[in-house]
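Visitor:
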Amino acid sequence: MSEVRVRRAVPVEYAAIGDLTVAAYTAGGHLDDEPAYAASLRDVDSRAASGEVLVAVDDDEAVLGSVTVVEAGSPKAEVARPGELEFRMLAVSPHAQGRGVGEALTRAVLDIARTRRITTVVLSSRDRMHTAHRIYQRLGFRRAPERDWAPHPHVPLFAFVLEV
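Mapping to this note's numbering: the sequence shown position 99 is 234, numbers consecutive.
This is the structure in structure tokens:
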């Protein structure tokens with residue numbers, strides 16, 4: 136098994152990242168009740184314009200996963216308050232799941248927060264993304280139900296917060 140490395144994505148990878156993100160969300164059943172969200176997931180250009188897109192790759196530079204990192208006030212920020220870092224759209228290729236890709240991406244986000252001297256990292260996650268929730272909690276994130284929200288009536292999002 137090859138090593139997983141996380142770095143900033145480059146524009147030539149954006150199409151593959153968009154496809155991977157849609158594939159991961161589809162495989163997890165997370166687009167069943169929100170099919171229009173696929174266009175937003177696929178639009179990596181706009182994510183990169185308002186934040187930082189990270190990519191996880193293997194030794195052959197194959198894209199294994201991705202996450203978008205934004206600060207409060209960014210057009211892509213949803214729950215970040217001033218002085219907080221938020222990550223969104225974390226996705227791991229269905230073929231790479233179970234290899235630590237999601238954890239590696241999350242740890243890279245925490246490293247960015249520390250580098251920027253940001254002390255709080257936040258995220259929203261579908262209520263049924265149980266595997267992701269376990270990763271976040273293992274890394275020290277706590278549920279923040281007071282920040283839960285729903286972009287649509289049948290799409291509840293759980294908030295998680297970590298002081299870094």
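No residue lacks a Cβ here, since even glycine has one placed at the ideal position from N, Cα and C.
(1) Report the option in 219, 207, 178 whose CA atom is closest to the CA atom of residue 201.
(2) Taking Cβ positions only, does residue 224 come closer than 8 Å to chain B?
(3) Using three-state DSSP, classify residue 176 as helix, strand or coil.
(4) Closer than 8 Å is the cut-off here; do at least three beta carbon pairs connect the stretch 241-248 with the stretch 270-288?
(5) Kindly confirm or deny that the stretch 192-208 and the stretch 279-296 touch, where touching means at least three C-beta pairs closer than 8 Å.
(6) Can you name the start and end residues of the beta strand (DSSP E) that residue 296 belongs to?
(7) What do you get for residue 266, buried or exposed, if any count of 16 or more other CB atoms within 10 angstroms of its CB means buried?
(8) When the distance is taken between beta carbons, is residue 239 closer than 8 Å to residue 299?
(9) Kindly indicate which residue of 145, 170, 138 has the alpha-carbon position closest to the one of residue 157.
(10) The alpha helix (DSSP H) with residue 161 in it runs from where to where?
(11) In whole angstroms, what is the alpha-carbon distance linking residue 196 and residue 139?
(12) Closest to residue 145 by C-alpha separation, out of 233, 174, 203, 249, would be which residue?
(13) For residue 227, count the other beta carbons within 10 Å of its own beta carbon; 16 or more makes it buried, fewer makes it exposed. Which is it?
(14) Across which residues does DSSP place residue 273 in a beta bridge pair?
Guide: This is what the structure holds:
(1) 178
(2) No chain B is part of this structure, which consists of one protein chain only.
(3) helix
(4) yes
(5) no
(6) 292-298
(7) exposed
(8) Result no, Cβ atoms of residue 299 and residue 239 do not sit closer than 8 Å.
(9) Of the listed residues, the one whose Cα sits closest to residue 157 is 170.
(10) 149-162
(11) Residue 196 and residue 139 have their C-alpha atoms spaced approximately 9 Å apart.
(12) 203
(13) buried
(14) None; residue 273 has no bridge partner.
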